[in-house]
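Notes for the one structure printed next.
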Amino acid sequence: MASPNHPPDHGGDSVETRSSELRKDSVTNRWVIFSPARAKRPTDFKSKSPENPNPKPSSCPFCIGREHECAPEIFRMPDDPNWKIRVIENLYPALSRNLENQSKQPVTNTSRSIVGFGFHDVVIESPVHSIELSDIDPVGIGDVLLTYRKRIEQITQHDSINYIQVFKNQGASAGASMSHSHSQIMALPVIPPTVSSRLDGTKDHYEETGKCCLCEAKSKHFVIDESSHFVSVAPFAATFPFEVWIIPKDHSSHFHHLDDVKAIDLGGLLKLMLQKIAKQLNDPPYNYMIHTSPLKVTETQLPYTHWFLQIVPQLSGVGGFEIGSGCYINPVFPEDAAQVLREVSLT
-1 MASPNHPPDH GGDSVETRSS ELRKDSVTNR WVIFSPARAK RPTDFKSKSP
49 ENPNPKPSSC PFCIGREHEC APEIFRMPDD PNWKIRVIEN LYPALSRNLE
99 NQSKQPVTNT SRSIVGFGFH DVVIESPVHS IELSDIDPVG IGDVLLTYRK
149 RIEQITQHDS INYIQVFKNQ GASAGASMSH SHSQIMALPV IPPTVSSRLD
199 GTKDHYEETG KCCLCEAKSK HFVIDESSHF VSVAPFAATF PFEVWIIPKD
249 HSSHFHHLDD VKAIDLGGLL KLMLQKIAKQ LNDPPYNYMI HTSPLKVTET
299 QLPYTHWFLQ IVPQLSGVGG FEIGSGCYIN PVFPEDAAQV LREVSLT
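Take -1 as the starting number for the sequence shown in the numbering used here and just add one per residue.
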(Lines of atoms letter the chains of each structure in order from A and count residues from 1; the text may use other names and numbers.)
(Lines give C-alpha, C1' and ligand atoms only; values in the text may rest on other atoms or scores of the structure.)
Protein backbone atom coordinates (compact mmCIF):
# COMPACT_ATOMS: atom_id res chain seq x y z
CA MET A 1 0.00 0.00 0.00
CA ALA A 2 1.30 3.46 -0.83
CA SER A 3 2.27 5.62 2.11
CA PRO A 4 0.45 8.91 2.80
CA ASN A 5 3.66 10.80 2.02
CA HIS A 6 4.02 9.04 -1.34
CA PRO A 7 0.65 8.56 -3.01
CA PRO A 8 0.63 6.11 -5.89
CA ASP A 9 1.81 7.43 -9.23
CA HIS A 10 -1.12 6.86 -11.55
CA GLY A 11 0.83 8.29 -14.45
CA GLY A 12 -2.12 9.74 -16.31
CA ASP A 13 -3.90 6.40 -16.70
CA SER A 14 -7.62 6.62 -17.33
CA VAL A 15 -9.95 5.86 -14.46
CA GLU A 16 -10.85 2.52 -16.07
CA THR A 17 -7.24 1.22 -16.00
CA ARG A 18 -6.31 2.29 -12.49
CA SER A 19 -6.11 -0.45 -9.92
CA SER A 20 -8.20 -0.71 -6.80
CA GLU A 21 -6.44 0.10 -3.54
CA LEU A 22 -7.15 -0.31 0.17
CA ARG A 23 -6.12 2.49 2.50
CA LYS A 24 -6.39 2.74 6.26
CA ASP A 25 -6.94 6.13 7.84
CA SER A 26 -5.07 6.65 11.10
CA VAL A 27 -7.68 9.19 12.22
CA THR A 28 -10.91 7.27 11.68
CA ASN A 29 -9.18 3.90 12.21
CA ARG A 30 -11.09 2.61 9.19
CA TRP A 31 -10.18 0.76 5.99
CA VAL A 32 -11.53 2.19 2.72
CA ILE A 33 -11.56 0.48 -0.68
CA PHE A 34 -10.84 2.81 -3.60
CA SER A 35 -12.42 1.34 -6.71
CA PRO A 36 -12.21 3.84 -9.60
CA ALA A 37 -13.61 1.29 -12.06
CA ARG A 38 -17.00 1.80 -10.39
CA ALA A 39 -17.11 5.48 -11.30
CA LYS A 40 -16.96 8.03 -14.05
CA ARG A 41 -14.10 10.50 -14.21
CA PRO A 42 -13.90 12.63 -11.03
CA THR A 43 -14.86 15.71 -13.03
CA ASP A 44 -18.09 13.97 -14.13
CA PHE A 45 -19.55 13.64 -10.62
CA LYS A 46 -22.73 15.66 -10.31
CA SER A 47 -25.56 15.55 -7.84
CA LYS A 48 -29.13 15.06 -8.93
CA SER A 49 -31.38 18.00 -8.12
CA PRO A 50 -32.35 17.60 -4.44
CA GLU A 51 -35.98 17.66 -3.44
CA ASN A 52 -37.23 20.46 -1.19
CA PRO A 53 -37.92 18.98 2.25
CA ASN A 54 -39.83 21.77 3.94
CA PRO A 55 -43.01 23.83 3.74
CA LYS A 56 -43.14 27.01 1.71
CA PRO A 57 -41.50 30.04 3.35
CA SER A 58 -44.92 31.39 4.27
CA SER A 59 -45.39 28.48 6.66
CA CYS A 60 -41.80 27.95 7.86
CA PRO A 61 -41.54 28.28 11.66
CA PHE A 62 -37.81 29.07 11.46
CA CYS A 63 -38.42 32.38 9.69
CA ILE A 64 -38.30 35.66 11.60
CA GLY A 65 -41.72 36.67 12.92
CA ARG A 66 -42.82 33.07 13.47
CA GLU A 67 -40.81 32.40 16.62
CA HIS A 68 -43.97 31.47 18.54
CA GLU A 69 -44.39 28.39 16.35
CA CYS A 70 -41.03 26.90 17.38
CA ALA A 71 -39.93 24.83 20.32
CA PRO A 72 -38.69 26.87 23.32
CA GLU A 73 -35.82 29.25 22.63
CA ILE A 74 -32.51 28.84 24.47
CA PHE A 75 -30.93 32.11 23.30
CA ARG A 76 -30.63 34.39 20.28
CA MET A 77 -27.88 36.57 18.87
CA PRO A 78 -28.27 39.48 19.19
CA ASP A 79 -30.80 39.40 22.01
CA ASP A 80 -33.45 41.54 20.35
CA PRO A 81 -36.34 41.13 17.86
CA ASN A 82 -33.99 41.57 14.88
CA TRP A 83 -32.03 38.43 15.61
CA LYS A 84 -29.49 36.87 13.25
CA ILE A 85 -29.12 33.45 14.88
CA ARG A 86 -31.40 31.54 17.24
CA VAL A 87 -30.79 28.41 19.31
CA ILE A 88 -33.94 26.48 20.17
CA GLU A 89 -34.81 23.09 21.58
CA ASN A 90 -35.49 20.43 18.98
CA LEU A 91 -39.24 19.88 18.75
CA TYR A 92 -38.65 16.14 18.35
CA PRO A 93 -35.55 15.50 20.48
CA ALA A 94 -33.70 12.20 20.40
CA LEU A 95 -32.74 12.70 24.06
CA SER A 96 -34.56 14.29 26.99
CA ARG A 97 -33.19 17.25 28.92
CA ASN A 98 -35.81 16.56 31.61
CA LEU A 99 -34.16 13.37 32.88
CA GLU A 100 -31.04 14.87 34.44
CA ASN A 101 -32.04 13.97 37.98
CA GLN A 102 -32.34 10.33 36.89
CA SER A 103 -29.03 10.26 35.02
CA LYS A 104 -26.60 10.14 37.92
CA GLN A 105 -25.71 6.46 37.64
CA PRO A 106 -22.14 5.95 36.35
CA VAL A 107 -21.63 4.66 32.82
CA THR A 108 -19.26 1.68 32.81
CA ASN A 109 -17.93 -0.74 30.22
CA THR A 110 -20.57 -3.23 31.34
CA SER A 111 -23.52 -0.79 31.12
CA ARG A 112 -26.24 -2.08 28.83
CA SER A 113 -28.92 0.57 29.44
CA ILE A 114 -28.92 4.05 30.92
CA VAL A 115 -31.43 6.87 31.21
CA GLY A 116 -31.81 8.81 27.94
CA PHE A 117 -30.69 12.16 29.33
CA GLY A 118 -29.10 14.62 26.94
CA PHE A 119 -29.63 17.72 24.85
CA HIS A 120 -30.82 18.06 21.27
CA ASP A 121 -30.84 21.64 20.01
CA VAL A 122 -31.36 23.42 16.70
CA VAL A 123 -29.28 26.39 15.53
CA ILE A 124 -31.23 28.57 13.06
CA GLU A 125 -28.45 30.17 11.05
CA SER A 126 -30.39 33.01 9.42
CA PRO A 127 -33.74 34.76 9.92
CA VAL A 128 -34.35 34.70 6.14
CA HIS A 129 -35.64 31.51 4.53
CA SER A 130 -33.85 31.86 1.19
CA ILE A 131 -30.35 32.36 2.64
CA GLU A 132 -28.12 29.30 2.84
CA LEU A 133 -25.02 29.11 4.99
CA SER A 134 -22.73 29.52 1.98
CA ASP A 135 -24.51 32.80 1.14
CA ILE A 136 -23.44 34.34 4.45
CA ASP A 137 -20.15 36.26 4.68
CA PRO A 138 -17.20 34.85 6.66
CA VAL A 139 -17.97 37.03 9.68
CA GLY A 140 -21.57 35.78 9.70
CA ILE A 141 -20.50 32.15 9.39
CA GLY A 142 -18.00 32.84 12.16
CA ASP A 143 -20.93 34.03 14.30
CA VAL A 144 -22.67 30.68 13.67
CA LEU A 145 -19.52 28.87 14.81
CA LEU A 146 -19.31 31.08 17.91
CA THR A 147 -22.95 30.26 18.61
CA TYR A 148 -21.99 26.58 18.64
CA ARG A 149 -19.18 27.47 21.03
CA LYS A 150 -21.47 29.36 23.39
CA ARG A 151 -24.02 26.56 23.52
CA ILE A 152 -21.32 23.92 24.04
CA GLU A 153 -19.90 25.95 26.92
CA GLN A 154 -23.36 26.02 28.50
CA ILE A 155 -23.83 22.29 28.10
CA THR A 156 -20.42 21.46 29.59
CA GLN A 157 -21.80 22.60 32.96
CA HIS A 158 -23.76 19.34 33.12
CA ASP A 159 -21.53 16.63 34.59
CA SER A 160 -23.49 13.77 33.02
CA ILE A 161 -22.60 14.88 29.47
CA ASN A 162 -19.53 13.21 27.96
CA TYR A 163 -19.66 14.09 24.26
CA ILE A 164 -21.14 16.90 22.14
CA GLN A 165 -21.76 16.51 18.41
CA VAL A 166 -22.39 19.51 16.15
CA PHE A 167 -23.73 18.63 12.72
CA LYS A 168 -25.56 20.08 9.74
CA ASN A 169 -27.86 18.24 7.33
CA GLN A 170 -28.40 20.25 4.14
CA GLY A 171 -31.03 18.80 1.81
CA ALA A 172 -33.67 16.12 2.24
CA SER A 173 -31.46 13.21 1.19
CA ALA A 174 -28.87 14.40 3.73
CA GLY A 175 -31.45 14.10 6.51
CA ALA A 176 -32.86 17.63 6.70
CA SER A 177 -36.58 17.88 7.46
CA MET A 178 -36.55 21.66 6.96
CA SER A 179 -34.76 23.54 4.18
CA HIS A 180 -34.44 26.78 6.18
CA SER A 181 -30.71 26.82 6.92
CA HIS A 182 -30.04 25.25 10.29
CA SER A 183 -27.71 22.90 12.13
CA GLN A 184 -28.00 20.81 15.26
CA ILE A 185 -26.20 20.06 18.51
CA MET A 186 -26.58 16.78 20.38
CA ALA A 187 -25.05 16.23 23.80
CA LEU A 188 -24.69 12.62 24.92
CA PRO A 189 -24.02 10.90 28.26
CA VAL A 190 -21.82 8.34 26.45
CA ILE A 191 -18.86 8.46 24.07
CA PRO A 192 -20.04 7.16 20.67
CA PRO A 193 -18.14 4.20 19.14
CA THR A 194 -16.85 6.23 16.18
CA VAL A 195 -15.30 8.71 18.62
CA SER A 196 -13.69 5.89 20.62
CA SER A 197 -12.32 4.41 17.41
CA ARG A 198 -10.92 7.80 16.43
CA LEU A 199 -9.16 8.08 19.79
CA ASP A 200 -7.68 4.61 19.34
CA GLY A 201 -6.44 5.44 15.84
CA THR A 202 -4.83 8.74 16.74
CA LYS A 203 -3.30 7.21 19.87
CA ASP A 204 -1.72 4.39 17.85
CA HIS A 205 -0.24 6.91 15.40
CA TYR A 206 1.11 9.07 18.23
CA GLU A 207 2.71 6.11 20.01
CA GLU A 208 4.31 4.96 16.76
CA THR A 209 5.57 8.35 15.54
CA GLY A 210 5.45 10.72 18.50
CA LYS A 211 3.30 13.09 16.41
CA CYS A 212 -0.37 14.06 16.12
CA CYS A 213 -1.57 12.73 12.76
CA LEU A 214 -3.82 15.75 12.15
CA CYS A 215 -0.99 18.18 12.85
CA GLU A 216 0.68 16.50 9.87
CA ALA A 217 -2.33 17.03 7.61
CA LYS A 218 -0.51 19.25 5.11
CA SER A 219 2.08 16.58 4.43
CA LYS A 220 0.01 13.42 4.78
CA HIS A 221 -3.23 14.44 3.09
CA PHE A 222 -4.10 16.22 -0.13
CA VAL A 223 -4.35 19.98 0.36
CA ILE A 224 -7.16 21.89 -1.37
CA ASP A 225 -6.91 25.37 0.17
CA GLU A 226 -5.72 27.02 3.35
CA SER A 227 -6.27 30.13 5.41
CA SER A 228 -4.23 31.74 8.17
CA HIS A 229 -5.28 29.20 10.80
CA PHE A 230 -6.87 26.27 8.92
CA VAL A 231 -6.19 23.91 6.03
CA SER A 232 -8.74 22.06 3.92
CA VAL A 233 -7.76 18.62 2.66
CA ALA A 234 -9.08 15.54 0.93
CA PRO A 235 -8.16 12.91 3.54
CA PHE A 236 -5.77 10.17 2.47
CA ALA A 237 -8.37 7.44 3.06
CA ALA A 238 -11.54 9.46 2.40
CA THR A 239 -14.63 7.41 3.19
CA PHE A 240 -16.84 9.27 0.71
CA PRO A 241 -16.30 10.83 -2.74
CA PHE A 242 -15.23 14.48 -2.50
CA GLU A 243 -15.13 14.35 1.29
CA VAL A 244 -13.31 17.39 2.74
CA TRP A 245 -11.76 17.97 6.15
CA ILE A 246 -11.00 21.43 7.53
CA ILE A 247 -8.30 21.15 10.19
CA PRO A 248 -6.83 23.72 12.61
CA LYS A 249 -3.14 24.27 11.86
CA ASP A 250 -2.41 24.70 15.57
CA HIS A 251 -2.93 21.66 17.77
CA SER A 252 -6.31 21.92 19.50
CA SER A 253 -8.31 19.14 21.13
CA HIS A 254 -11.67 20.87 21.59
CA PHE A 255 -13.72 22.90 19.14
CA HIS A 256 -15.13 25.08 21.91
CA HIS A 257 -11.66 26.54 22.52
CA LEU A 258 -12.01 28.33 19.16
CA ASP A 259 -11.43 32.08 19.58
CA ASP A 260 -13.23 34.91 17.77
CA VAL A 261 -10.46 35.60 15.23
CA LYS A 262 -10.11 31.94 14.26
CA ALA A 263 -13.91 31.61 14.01
CA ILE A 264 -13.99 34.24 11.24
CA ASP A 265 -10.99 32.62 9.54
CA LEU A 266 -12.72 29.23 9.65
CA GLY A 267 -15.93 30.86 8.42
CA GLY A 268 -14.14 32.04 5.30
CA LEU A 269 -12.59 28.67 4.50
CA LEU A 270 -15.84 26.80 5.20
CA LYS A 271 -17.68 29.18 2.88
CA LEU A 272 -15.08 28.61 0.16
CA MET A 273 -15.32 24.82 0.43
CA LEU A 274 -19.13 24.83 0.36
CA GLN A 275 -19.11 27.09 -2.69
CA LYS A 276 -16.59 24.93 -4.54
CA ILE A 277 -18.50 21.75 -3.77
CA ALA A 278 -21.76 23.36 -4.87
CA LYS A 279 -20.30 24.61 -8.16
CA GLN A 280 -18.41 21.45 -9.10
CA LEU A 281 -21.01 18.90 -7.98
CA ASN A 282 -24.27 20.67 -8.92
CA ASP A 283 -25.15 21.91 -5.43
CA PRO A 284 -25.44 18.49 -3.76
CA PRO A 285 -27.10 17.79 -0.42
CA TYR A 286 -24.37 17.54 2.19
CA ASN A 287 -23.59 16.94 5.82
CA TYR A 288 -20.94 18.52 7.94
CA MET A 289 -19.85 17.33 11.34
CA ILE A 290 -17.50 18.86 13.90
CA HIS A 291 -15.36 16.06 15.33
CA THR A 292 -14.14 17.25 18.70
CA SER A 293 -12.72 15.40 21.70
CA PRO A 294 -14.75 14.00 24.59
CA LEU A 295 -15.32 16.57 27.29
CA LYS A 296 -13.48 14.53 29.90
CA VAL A 297 -10.45 13.72 27.76
CA THR A 298 -7.45 13.03 30.00
CA GLU A 299 -4.21 14.99 30.12
CA THR A 300 -2.35 12.10 28.51
CA GLN A 301 -4.80 12.08 25.57
CA LEU A 302 -4.39 15.77 24.71
CA PRO A 303 -1.24 15.37 22.55
CA TYR A 304 -3.04 13.15 20.01
CA THR A 305 -6.59 14.52 20.08
CA HIS A 306 -7.21 17.21 17.46
CA TRP A 307 -10.62 18.47 16.33
CA PHE A 308 -11.65 18.96 12.70
CA LEU A 309 -14.69 19.70 10.56
CA GLN A 310 -15.76 17.07 8.01
CA ILE A 311 -17.88 17.90 4.93
CA VAL A 312 -19.56 15.01 3.09
CA PRO A 313 -21.43 15.71 -0.18
CA GLN A 314 -24.23 13.19 -0.65
CA LEU A 315 -23.24 11.63 -3.98
CA SER A 316 -23.60 7.90 -3.34
CA GLY A 317 -25.61 5.65 -1.09
CA VAL A 318 -24.45 3.15 1.50
CA GLY A 319 -25.06 -0.50 0.63
CA GLY A 320 -25.10 -3.83 2.39
CA PHE A 321 -21.33 -4.33 2.16
CA GLU A 322 -20.65 -1.06 3.98
CA ILE A 323 -23.31 -1.70 6.61
CA GLY A 324 -22.17 -5.25 7.16
CA SER A 325 -18.42 -4.72 7.18
CA GLY A 326 -17.90 -1.12 8.28
CA CYS A 327 -15.52 -0.89 5.30
CA TYR A 328 -16.55 1.66 2.67
CA ILE A 329 -16.05 1.74 -1.09
CA ASN A 330 -15.06 5.10 -2.56
CA PRO A 331 -14.98 5.44 -6.38
CA VAL A 332 -12.84 8.62 -6.31
CA PHE A 333 -9.23 8.75 -5.17
CA PRO A 334 -8.86 11.72 -2.79
CA GLU A 335 -5.86 13.11 -4.67
CA ASP A 336 -8.12 13.40 -7.73
CA ALA A 337 -10.89 15.04 -5.71
CA ALA A 338 -8.41 17.49 -4.20
CA GLN A 339 -7.12 18.46 -7.66
CA VAL A 340 -10.62 18.98 -9.02
CA LEU A 341 -11.63 21.18 -6.07
CA ARG A 342 -8.40 23.16 -6.16
CA GLU A 343 -9.10 24.03 -9.78
CA VAL A 344 -12.71 25.15 -9.27
CA SER A 345 -12.97 28.85 -10.09
CA LEU A 346 -15.69 30.85 -8.34
CA THR A 347 -15.33 33.90 -10.60
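For glycine and all other residues, C-beta sits at the position ideal for the given N, C-alpha and C.
Per DSSP, which residues does residue i bridge with? Please list them.
i, result
"asparagine 167", "Asn285"
"arginine 16", "Note: arginine 16 sits in no beta bridge, so no partner."
"glutamate 87", "Asp119"
"histidine 252", "In DSSP, histidine 252 forms no bridge with anything."
"lysine 22", "Trp29"
"serine 230", "Asp223 and Ile244"
I'd like to know whether the C-beta atoms of residue i and residue j end up nearer to each other than 7 Å.
i, j, result
"histidine 180", "glutamate 123", "yes"
"valine 30", "threonine 237", "yes"
"valine 164", "isoleucine 134", "no"
"isoleucine 262", "glycine 169", "no"
"proline 70", "glutamate 87", "yes"
"proline 59", "glutamate 67", "yes"
"proline 311", "tyrosine 284", "yes"
"phenylalanine 220", "glutamate 333", "yes"
"isoleucine 150", "histidine 254", "yes"
"threonine 145", "valine 126", "no"
"aspartate 23", "alanine 235", "yes"
"serine 195", "asparagine 27", "yes"
Using the rule of at least 16 other Cβ atoms within 10 Å of the residue's Cβ for burial, across every protein chain shown, is residue i buried or exposed?
i, result
"serine 18", "exposed"
"threonine 207", "exposed"
"asparagine 80", "exposed"
"alanine 35", "exposed"
"glutamine 278", "buried"
"arginine 110", "exposed"
"lysine 82", "buried"
"leucine 339", "buried"
"alanine 336", "buried"
"phenylalanine 228", "buried"
"proline 20", "For the sequence presented, residue 20 should be read as leucine rather than proline. Answer is exposed; the Cβ neighbour count stays below 16."
"aspartate 223", "buried"
"glycine 199", "buried"
"lysine 218", "buried"
"isoleucine 321", "exposed"
"serine 250", "buried"
"serine 230", "buried"
"phenylalanine 319", "exposed"
"lysine 166", "buried"
"serine 177", "buried"
So the candidates are the options; which of them puts its Cα closest to the Cα of residue i?
i, options, result
"leucine 264", "Ala276, Ile288, Gln278 and Leu279", "Ile288"
"asparagine 280", "Ser111, Ser195, Arg149 and Val342", "Val342"
"proline 282", "Pro76, Ala172, Asp23 and Arg110", "Ala172"
"serine 225", "Pro311, Val259 and Leu186", "Val259"
"isoleucine 397", "Pro233, Tyr90 and Pro136", "Since the first residue of the chain shown is -1 and the last is 345, residue 397 is not available in this structure."
"arginine 95", "Asp78, Leu256, Ile153 and Ile62", "Ile153"
"phenylalanine 73", "Leu93, Ser250, Asn167 and Arg84", "Arg84"
"glutamate 297", "Ala235, Asp248, Gln273 and Lys201", "Lys201"
"valine 113", "Ala92, Phe32, Phe306 and Gly138", "Ala92"
"tyrosine 90", "Ser175, Ser194 and Lys274", "Ser175"
"histidine 156", "Leu131, Pro187, Asp78 and Arg147", "Pro187"
"proline 191", "Gly324, Ser314, Asp257 and Ala276", "Gly324"
"phenylalanine 306", "Ser33, Leu143, Gly138 and Phe32", "Leu143"
"lysine 274", "Pro246, Ser314 and Leu344", "Leu344"
"leucine 256", "Ser33, Pro136, Lys148 and Cys61", "Lys148"
Assess contact between the segment 236 to 249 and the segment 108 to 117, defined as three or more Cβ pairs (one per stretch) separated by less than 8 Å. Is contact present? no
Pairs of beta-carbons, one from the segment 206 to 221 and one from the segment 301 to 313, closer than 8 Å: are there three or more? yes
State whether the segment 264 to 271 contacts the segment 328 to 336, with contact taken as three or more CB pairs (one from each stretch) at a distance under 8 Å. no
Would you be able to state if there are at least three C-beta pairs under 8 Å between the segment 284 to 298 and the segment 155 to 170? yes
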